[in-house]
Each structure stands twice: as structure tokens, then as C-alpha cells.
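For reference, the structure discussed in these notes is given below.
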Amino acid sequence: MENIYIYIFIFLLMLLFVIALYLFINNNIYKKNNQSVRNIIGKLNRKLLKNPNDYNTIYKLALIKDENGDILDALKKYEFLISVDYFNDNEKIKIYKRMENICTQLGYKEEVFKYDVIITNLEPSNVIYLIKVAYTLFNEKKYQFACNYFNKVIMSRREFNIDELKAALYSYYNIKNYEKTITFLEDLEKRINKDSINLQNELIEIRKTLISMYLFTDKLQYASEYIEQLLTDANNLDRSLLIYYNRMYLFVLHKLGNKKKFKEIYRKIKSTLKTDELETINEELIFDFGFYSYFLGYIDEAIKYFEIINKFNSSILKTYKINEVLGYLYQVYRANFQVNKANRKLDNIYEHQYYEDYVQKENLNEWENTVEIWENSFTNFEYINTLAPKNNESSIDVDNILLNLKITHNIKFDNKTRSTHNNSNNNIVDKIYNLTFNNFKKLCRNIITNKLSYTIVQEFIDNPDDNIDEIDYLAYDSEIGKYNLTFISIKRWQNTNIGELILRDFIVKIKDSGAKRGVLIVPVELTSSAKSYAVNSEIVTIYSRNQLNNLLKGEIF
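So for the sequence shown, this note's numbering puts the first residue at 13; every next one is plus one.
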């Protein structure tokens with residue numbers, strides 16, 4: 013046993029001896045190397061005393077200083093050699109990259125950014141440095157500049173890390189380039205879904221934001237397919253998230269006008285709704301069903317759902333004036349009976365009573381406002397707002413750096429927001445307001461006969477004069493035949509929107525006229541409520557401002 017301890021002791025002594033010998037030899041080598049380096053530096057400095065413009069010697073000195081850790085002095089010498097144009101183009105790029113690296117080590121943020129920009133100018137396809145510049149510009153809140161650099165590498169998004177994807181996403185969102193916002197949102201969703209098991213809560217927020225962005229940009233088919241994909245994994249979703257996805261899916265189908273699928277999902281969810289008590293988790297669904305029932309024509313059911321919200325003192329009452337909404341619904345419910353009475357004839361359609369005669373303007377305005385707020389509640393961009401740069405103040409003077417680079421390196425920077433829309437032909441529709449009555453009537457007839465291929469049977473004008481703002485027609489589709497009449501109304505209203513009651517009254521006029529369907533042509537937009545009502549109508553086709561503008565292209569005024 014004692015022998016074992018002796019062996020261990022001898023082994024430890026030998027180990028200590030080897031370590032000491034290694035350190036001694038290494039130290040001597042270091043001293044010799046250090047002495048050798050000092051000798052070389054001294055020799056080069058003496059050469060410079062004789063010839064201060066010996067650039068080769070300066071470069072050798074810079075390299076030795078760099079290799080031996082004196083990076084600040086090396087940087088100064090590189091900068092001097094750059095200033096006298098010592099390097100050829102290939103060498104210059106390498107030196108700029110080394111200078112950028114040194115400045116990064118020294119924490120010189122402005123110089124790092126400056127050299128990154130210069131490198132991207134010399135190597136326009138260098139993805140790494142283009143992303144560096146874009147990311148710095150994002151952090152300095154120069155979003156348009158950042159996007160101009162992100163644009164150059166948008167096809168290389170696989171080389172972005174997650175923070176860089178978020179930076180690009182926020183930058184494009186900030187300048188209202190929503191197409192590219194969606195592109196980076198989709199990439200971020202795929203990346204986090206694939207690589208980050210611990211970021212599932214963030215993944216849910218990204219998915220909600222992506223649905224919102226599809227809705228906001230009217231990419232309804234994308235939204236529908238995306239939610240369907242998410243719902244295929246319904247067994248692994250908690251109840252609140254499942255309700256959320258179903259709620260969004262139903263709204264998308266409603267906006268999409270997919271009536272068959274909408275009614276299928278509507279009935280399916282309706283069968284599971286508990287209306288005898290109000291759960292926080294599904295009160296929004298009950299609220300939604302108030303609107304859906306209304307637009308489907310089930311006004312009595314709509315009233316029931318809104319009364320439930322009112323009865324149980326829902327948190328929704330903090331945002332919406334439910335009593336005013338119910339007041340509107342009661343009036344529409346009553347008007348529905350009155351305006352659909354028998355004995356309404358074609359010869360006096362301008363003398364009949366319509367919905368607007370039974371609904372107070374204040375209630376109508378409150379309803380229109382409520383529908384708009386409700387629809388907007390389906391889009392939420394809070395997640396994107398969390399991606400904003402965390403620093404409150406700019407840390408570098410970007411504008412001054414870019415100005416100096418423009419002067420010293422002739423680098424041009426584009427900071428203009430590019431519009432993806434051509435507005436040259438978007439205001440043709442406004443010319444109809446300046447037409448005389450006769451010219452307006454000629455235009456209406458031309459639209460009906462030449463643009464829409466209808467044959468006019470009868471024209472209706474209420475008190476014609478030069479200020480007339482609408483003309484109604486009975487016509488038939490030339491391809492279908494004269495026994496399928498269409499009631500067509502062309503209005504040149506301005507400074508207003510087409511509301512839901514106008515559409516309801518238009519449908520009543522269609523029935524009064526004996527037509528089977530109607531076409532409404534207007535130079536203005538529809539309110540949110542009117543759009544939803546129109547989506548669920550089987551007999552009305554609407555040409556609002558943009559569609560009418562397209563119809564008028566090629567017309568000579």
C-alpha cells in the first residue's frame with residue numbers, strides 16, 4: 013500500500029517538473045520572439061525616419077502590429093494607406109474587412125458601419141455585409157434605408173438569422189410595404205417552427221399576426237388556406253386557441269363570400285355555443301354571431317345574441333354601445349315588415365317608403381361604426397410592434413456618415429419610398445362629376461350597352477336637371493334574353509359612402525321593378541356593413557369606385 017503512495021508522489025513530481033519546464037521554454041521563446049518583433053519594428057521605424065513616404069514599410073509595420081495585438085496602431089496605418097490609395101482593388105477589399113473587424117473589437121460603432129457600407133459598395137453582392145448594414149440601419153430607426161439594403165438580399169433570406177428576419181419584418185411594416193412584411197413573417201414562422209422548440213408562445217403570436225396581415229391586405233384565400241392548415245392539428249391545440257382559429261376562419265369565409273363553406277362552419281360552431289351563460293372564452297364568438305346572423309338575414313337571432321351580451325354584462329360592453337346597436341336592429345326588424353308589403357308597383361318607385369324611412373340616422377351611424385370597429389378587431393399587430401429597436405436614442409450619426417461617404421467615396425444612397433401603385437389612371441371616375449346631365453346620361457347608356465353588354469328597356473329619372481346624380485334602368489343581358497330583367501342604378505354621388513340601408517333599399521327597388529337581379533354602379537366606396545350585406549346577397553352586383561374606374565378607362569370625356 014505504501015508503495016502505491018510513493019508511486020503517486022513520484023508521478024505528481026514528474027508532472028510538475030514537465031509543466032515547469034514547458035512554461036520555462038515557452039517563456040524564453042516568447043521573450044525571444046518578442047525581442048525579435050521589437051527588433052523588426054525598430055528597424056522598420058528607422059527606415060521610415062529616412063523616408064516617411066515609404067508606404068511598403070508602413071504596410072509591413074501595420075501587418076506586424078496587427079499580428080502582435082497592437083490593433084489600434086495597425087488601424088491608423090491601414091487608414092493612412094487607404095487615404096493615399098496604396099492598395100489595388102482586391103487588396104483594398106481585404107483591408108477594409110480587416111479594418112471593420114478591428115473597429116468591431118474596439119467598439120467603434122460609427123467606423124464599423126462606415127466600413128460595412130464601403131464594403132457593400134465594392135462588393136455589391138456580398139450578402140453578409142449587406143445584411144450587416146441593413147441591420148444597423150434598422151437599429152438606428154432608418155427604416156427606408158434599411159429596406160433598400162434588405163431588398164438587395166431578399167432572395168438570400170435563408171442566410172438571415174432570426175433577429176435579422178425580425179428586423180426586416182419590422183422595417184417593411186414601418187414603411188407600409190405589407191407584401192414584403194408578409195414574406196418575412198412567413199419566413200420567420202417557418203424558421204421558428206423548425207428550429208426553436210422553446211419559442212412556441214412566440215410562434216403562436218407570429219401565426220396570429222400572419223393571419224391578421226393576410227386579412228389586412230385582402231389576401232383572404234391565403235388566410236383561409238393557412239387557417240385550414242393550422243386546424244388540421246386541432247387535437248394538439250388548447251381550447252382557447254382552437255376557438256380563436258375557428259373564429260378567424262369564420263370571419264375569413266364571411267369576407268371571402270364563400271357562402272357554402274361559411275354556412276357549414278357557422279352551423280357547426282353555432283351548435284356548440286352556450287347562450288344560457290356567458291363564458292369569457294367564447295363571448296367574442298357569441299358577439300360575432302350577432303353580426304353573422306344579421307347579415308344572413310336572421311335579424312331576430314341577431315337581436316338574441318346581442319341581448320345575451322347585454323344581459324351578462326360582458327366586457328365587450330366597454331368597447332361597443334350595445335343598447336344603440338339593439339335600437340338599430342329593432343328598427344330594421346320593424347322596417348323589414350313595412351317595406352316588403354304587397355301593392356308596391358313599378359310606376360311609383362320613387363314614392364314608396366324604404367328602410368331609411370324607419371331607421372333613425374343616429375342609430376344607423378352607430379351601427380355602421382360598430383361594424384367597422386368589429387371588423388378591425390380581427391387584425392392585431394401588437395407582435396410586430398414588439399420588434400421595434402430597443403434603443404431609445406440613435407447611437408451613431410447615420411446621416412452624417414452617409415453624407416461623408418457620398419462626398420469621399422461617391423456612394424449614392426436612395427431613401428425614397430417606392431410606390432407599387434400606378435395612380436395615373438385611378439381618378440378617371442372623378443370626371444363624371446363635371447358632366448352635364450345629358451352627357452352623364454350618354455355615359456350611363458354607354459356603360460350599360462357597351463361595357464356590360466345589356467340592352468336597355470326603360471329609363472327612370474326622378475326630377476331630371478343638370479344636378480341629377482343618379483339614373484335607373486331596366487335592362488336585360490344580351491346573352492340571356494329579355495325575360496330576365498336587371499334593375500341597374502348608376503349614381504354619381506360624392507363625399508359619402510354607400511351604406512347598408514342604401515343597399516337594402518336598392519334591393520327593394522329591384523323587387524318593385526319586377527327585375528330578378530340588380531346592378532349598382534357608384535363612384536364611391538361601400539361601408540364595412542354594406543360590404544358584408546352585399547356579400548350575402550344573391551341578387552346584387554356592385555361596381556364601386558375602383559371597378560367603375562376600370563369601366564371608364566378608354567372613355568373620352
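Using N, Cα and C, we set each Cβ at its ideal position, and we do this for glycine too. As the structure is a prediction and not an experimental result, all values here were calculated from the model.
Reduced DSSP category for residue i - H, G, I as helix; E, B as strand; rest coil
i	result
Q506	coil
V552	strand
D484	strand
L61	helix
I41	The predicted position of I41 is uncertain, since its pLDDT is 45 and thus under 50; no value can be drawn from it.
F274	helix
S541	helix
L639	Limits of the chain in this structure are 13 at one end and 569 at the other, which puts residue 639 out of reach.
D489	strand
A400	coil
F518	helix
G511	coil
K154	coil
T461	helix
L447	coil
Y310	coil
T391	coil
I423	coil
Euclidean distance between Cα positions of residue i and residue j
i	j	result
N186	I53	53 Å
K373	G339	11 Å
L73	I130	24 Å
L560	D300	32 Å
V469	N160	57 Å
Y155	I408	15 Å
G533	N173	Rather than Gly, the amino acid found at residue 533 in this sequence is Ile. C-alpha separation (whole angstroms): 50 Å.
S488	K503	Position check: residue 488 holds Tyr in this sequence, whereas Ser was assumed. Their Cα atoms are separated by approximately 19 Å.
T498	L262	32 Å
K88	E123	12 Å
L60	E176	46 Å
D245	P401	34 Å
Q212	S252	15 Å
T391	Y226	9 Å
N377	N189	32 Å
G302	K267	16 Å
I522	R516	10 Å
K272	L265	9 Å
K565	Y366	35 Å
N507	T116	58 Å
L538	N509	5 Å
Proximal residues to residue i (C-beta, below 6 Å), its chain only, five neighbours per side dropped
i	result
L243	Y257
L149	F157, A158
N322	I334
E387	S540
F472	D484
T382	Y332, V337
R529	T498, I551
G269	V547
C456	I483, I502
Contact set for residue i: own chain, Cβ-Cβ below 8 Å, skip 5 residues either direction
i	result
Y342	I315
L222	I194, L197, E198, E201, Y238
W505	D481, E482, V534, P535, V536
K418	K424, F425
D375	The identity of residue 375 in the sequence shown is Asn, whereas the question assumes Asp. Answer for N375: E336, G339, Y340, Q343, listed in chain order.
I385	T331, Y332
I590	In the structure displayed, the chain extends from 13 to 569; residue 590 sits before or after that span and is not available.
Unbroken beta strand (DSSP E) run spanning residue i, endpoints
i	result
V531	529–533
Delimiting residues of the alpha helix (DSSP H) encompassing residue i
i	result
Q470	Element bounds for Q470: not the alpha helix (DSSP H) but the beta strand (DSSP E), 466–472.
L211	L211 -> no alpha helix (DSSP H), and no H or E assigned at all.
V410	410–420
G302	295–307
Y261	251–268
E123	121–134
S95	83–95
Y332	Element bounds for Y332: n/a, residue is neither H nor E.
E79	67–79
L564	557–564
Same chain only: Cβ atoms within 7 Å of residue i, ignoring 5 sequence neighbours per side
i	result
F393	T221, S224
F162	A146, A180, S183
L563	I459, K463, Y555
V165	V139, L142, I143
I107	Y90, I94, F99
Y278	L262, Y304
N151	P401, N403
Any non-hydrogen atom of the ligand FMN within 7 Å of residue i CB
i	result
L447	Of ligands this structure carries none, so the ligand FMN is not represented either.
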